[in-house]
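The sequence shown begins at 1 in the numbering used here and counts up one residue at a time. Ideal Cβ positions, reconstructed from N, Cα and C, are used throughout, including at glycine.
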Amino acid sequence: MNDERRLIGVEGRSSYQLAQPEMRFRHIPWYLNVLLWPIAGFFLLLALLIISFLPSIALRNGFLPLVPAAPNAAGFSPANFLYSFVPSILELLIC
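(1) What's the C-alpha gap between LEU54 and LEU48?
(2) Answer yes or no: do PRO78 and PRO87 have a C-beta to C-beta separation smaller than 8 Å?
(3) Looking at ARG60 and ALA73, is the spacing between their C-beta atoms short of 8 Å?
(4) With respect to the alpha helix (DSSP H) encompassing PHE43, which residues constitute its N-terminal and C-terminal limits?
(5) Whole angstroms is fine: what's the gap from GLY9's alpha carbon to ILE28's?
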């Protein structure tokens, strides 16, 4: 009985027909799927890498709550401890 009753969606098509890739992507030009998304992804990744390594973005003086971000001679970073280890321990204790 459930097979006979289908939800009628846009333009009288059933929800099963609307879920097919041919129906979902019928209005998207081929170059949008083939060219635009990989090119946009490449440039977004490139922008992320450029911004990540800019000297003006570095957190040498720390950030709130003014914990130094640079590791000491032993390799311990107070910021790494505060923002990585402490939340993971809290998560283990809660769950």
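Reading it off the structure:
(1) Here residue 54 corresponds to residue number 54 of the sequence shown, with the count starting at 1. Here residue 48 corresponds to residue number 48 of the sequence shown, with the count starting at 1. Taking the straight line from one Cα to the other gives about 10 Å.
(2) The residue labelled residue 78 in the question sits at position 78 within the sequence shown. The residue labelled residue 87 in the question sits at position 87 within the sequence shown. With a cutoff of 8 Å on beta-carbon distance, PRO78 and PRO87 are scored as not near each other.
(3) Position 73 of the sequence shown, counted from the start, is the residue given in the question as residue 73. Position 60 of the sequence shown, counted from the start, is the residue given in the question as residue 60. For ALA73 and ARG60, no; Cβs fall outside 8 Å.
(4) Position 43 of the sequence shown, counting from 1, holds the residue named residue 43. Its alpha helix (DSSP H) spans residues 37-52.
(5) To locate residue 9, count along the sequence shown from 1; it is residue 9. To locate residue 28, count along the sequence shown from 1; it is residue 28. Note that GLY9 has pLDDT 49, beneath the 50 cutoff, so the model's placement of it is unreliable and no number is given.
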